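Structure first, then comments.
2 protein chains.
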Amino acid sequence: MKELEDRILKDGTVKPGDVLKVDAFLNHQCDVTLFNHMGAEWARLFSGKRVDKILTIEASGIGIACIVAQHFGNVPVVFAKKTQSINLDGDQYQAKVYSYTKQKEFPVIVSKRFLEPGEHVLLIDDFLANGKAMHGLIDICNEAGVIVEGIGIAVEKGFQRGGKELREAGYDVRSLAVIKDMDGDKGAIKFA
Amino acid sequence: MKELEDRILKDGTVKPGDVLKVDAFLNHQCDVTLFNHMGAEWARLFSGKRVDKILTIEASGIGIACIVAQHFGNVPVVFAKKTQSINLDGDQYQAKVYSYTKQKEFPVIVSKRFLEPGEHVLLIDDFLANGKAMHGLIDICNEAGVIVEGIGIAVEKGFQRGGKELREAGYDVRSLAVIKDMDGDKGAIKFA
Numbered sequence: 001m002k003e004l005e006d007r008i009l010k011d012g013t014v015k016p017g018d019v020l021k022v023d024a025f026l027n028h029q030c031d032v033t034l035f036n037h038m039g040a041e042w043a044r045l046f047s048g049k050r051v052d053k054i055l056t057i058e059a060s061g062i063g064i065a066c067i068v069a070q071h072f073g074n075v076p077v078v079f080a081k082k083t084q085s086i087n088l089d090g091d092q093y094q095a096k097v098y099s100y101t102k103q104k105e106f107p108v109i110v111s112k113r114f115l116e117p118g119e120h121v122l123l124i125d126d127f128l129a130n131g132k133a134m135h136g137l138i139d140i141c142n143e144a145g146v147i148v149e150g151i152g153i154a155v156e157k158g159f160q161r162g163g164k165e166l167r168e169a170g171y172d173v174r175s176l177a178v179i180k181d182m183d184g185d186k187g188a189i190k191f192a
Numbered sequence: 001m002k003e004l005e006d007r008i009l010k011d012g013t014v015k016p017g018d019v020l021k022v023d024a025f026l027n028h029q030c031d032v033t034l035f036n037h038m039g040a041e042w043a044r045l046f047s048g049k050r051v052d053k054i055l056t057i058e059a060s061g062i063g064i065a066c067i068v069a070q071h072f073g074n075v076p077v078v079f080a081k082k083t084q085s086i087n088l089d090g091d092q093y094q095a096k097v098y099s100y101t102k103q104k105e106f107p108v109i110v111s112k113r114f115l116e117p118g119e120h121v122l123l124i125d126d127f128l129a130n131g132k133a134m135h136g137l138i139d140i141c142n143e144a145g146v147i148v149e150g151i152g153i154a155v156e157k158g159f160q161r162g163g164k165e166l167r168e169a170g171y172d173v174r175s176l177a178v179i180k181d182m183d184g185d186k187g188a189i190k191f192a
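From first to last, the protein sequence lines are chains V and L.
For what it's worth, the UniProt record's numbering labels the leading residue of the first sequence as 1, then goes sequentially.
For what it's worth, the UniProt record's numbering labels the leading residue of the second sequence as 1, then goes sequentially.
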């Protein structure tokens, strides 16, 4: 998606350790006009698919998912939580995910009340790198008996293995910007 | 706002310890149609005010704030973060907040790049009880030199002191549903 690529080139920055910062428009400050254009593009890419619900993961996925839901008939958005809370009770689906960014394992939790067996879901997230968080969501979908119709990613780090593994496993992964290569010293970003 | 009150009566549940669960439509599963109606109502309540930006706090505020921004001319949404990360660098505004729900203190962090002195902001959150999180956001706004035009809350626990204190301090707090009283044993909810 050219608009997202252009925005990454304009406002994104590359930091050492293959860190791409897009916090000016995607995951700290949010550009809802851009999110709407992303939603329209995913609606085109996933047209013809049944989407009963959008599933994402806190925190950065939530804003994107809510705006995107408007382009899929205002379906409900469910966001997986990363911490237990007294507000989370009852039966839960739970998977464990290792975060390289935070250097620790965290849980991914969804209340069983919000995933009905047989529902068709679209998974949405801001980033796909090694795919650990997405595999956690897929594990929960499998346990819940819901059908993963597709996976919409804003920015995929194409040089890491997450996207390749998911596509090889048969998932319909649509990333709106795929980074082929980036150079922390020069700040250069190349798209696939 | 009658639609929100009706929804709380229909899908909300009261748990011991004055816990009101609205996770079916507000803060775990999200009803974006309801969020749009809430946005339209806040646009009416805050009409005539200058809103350059919406500021909220992760995670539950993000989806509401992004949908609501569409009713304020698609202004940017900034969400405060609750944990440090390697993705958060550079100069930050930071406040400390005590959470009764999680029984611990956590930081509220906003990058200095996303609050410009002189900007007019609208604060949005899903819940207002004792007001600790909102005071954290206000501290950051004061430090940044931005003007708090108003505070939009989905559900206010009117029997706790947060809303009263903020209004007495001169803030324009507009809560779409104010709980006057709730009874965990009977599951009864009364609105102000």
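Ideal Cβ positions, reconstructed from N, Cα and C, are used throughout, including at glycine.
Quick caveat, the model's predicted, so the values are computed rather than measured.
Look at the alpha carbon of residue i and the alpha carbon of residue j, and state the distance between them as a whole number of angstroms.
i	j	result
residue 150/L	residue 3/L	22 Å
residue 119/V	residue 147/L	45 Å
residue 186/V	residue 135/V	32 Å
residue 175/L	residue 19/L	18 Å
residue 237/L	residue 173/L	Outside the shown range of chain L (1 to 192) lies residue 237/L, about which nothing can therefore be said.
residue 163/V	residue 12/V	21 Å
residue 122/L	residue 52/L	8 Å
residue 154/L	residue 191/L	13 Å
residue 97/V	residue 5/V	28 Å
residue 36/L	residue 127/L	17 Å
residue 41/L	residue 177/L	12 Å
residue 90/L	residue 115/V	39 Å
residue 83/V	residue 10/V	34 Å
Rounded to the nearest angstrom, how far is the Cβ of residue i from that of residue j, given a contact under 8 Å?
i	j	result
residue 54/L	residue 69/L	5 Å
residue 65/V	residue 124/V	5 Å
residue 189/L	residue 22/L	That pair is no contact at about 10 Å.
residue 32/L	residue 77/V	6 Å
In the structure shown, what three-state DSSP assignment does residue i receive?
i	result
residue 60/L	helix
residue 161/L	coil
residue 32/L	helix
residue 167/L	helix
residue 190/V	strand
residue 72/V	helix
residue 65/L	helix
residue 180/V	strand
residue 25/L	coil
residue 46/V	coil
residue 185/L	coil
residue 156/V	strand
residue 132/L	helix
residue 2/L	helix
residue 41/V	helix
residue 137/V	helix
residue 11/V	helix
residue 112/L	helix
residue 105/V	strand
residue 119/L	coil
Which same chain residues end up closer than 6 Å to residue i when comparing Cβ atoms and leaving out the 5 residues on each side of it in sequence?
i	result
residue 111/V	92
residue 46/L	150
residue 16/L	184
residue 157/L	129, 179
residue 95/L	108, 136, 139, 140
residue 79/L	56, 58, 62
residue 169/L	none
residue 27/L	60, 126
Beta-carbon within less than 7 Å of residue i's beta-carbon, same chain only, minus the 5 sequence neighbours each way: which residues are those?
i	result
residue 39/V	67, 68, 70, 71
residue 145/L	117, 118
residue 181/V	159, 190
residue 75/L	51, 52, 53, 54, 69
Of all the options the options, which has the alpha carbon lying nearest to the alpha carbon of residue i?
i	options	result
residue 50/L	13/L, 179/L, 37/L, 73/L	73/L
residue 143/L	152/L, 153/L, 108/L, 29/L	108/L
residue 1/L	188/L, 34/L, 116/L	34/L
residue 113/V	9/L, 103/L, 10/L, 29/L	29/L
residue 129/L	94/L, 145/L, 166/L, 106/L	166/L
residue 132/V	100/V, 84/V, 48/V	100/V
residue 81/L	98/L, 126/L, 106/L	106/L
residue 24/V	37/V, 8/V, 36/V	8/V
residue 193/V	37/L, 104/L, 145/L, 10/L	With chain V covering only 1 through 192, there is no way to say anything about residue 193/V.
Given residue i, which residues of its chain have a CB within under 8 Å of its CB, disregarding the five upstream and five downstream residues?
i	result
residue 161/L	130, 131
residue 171/V	138, 148, 150, 151
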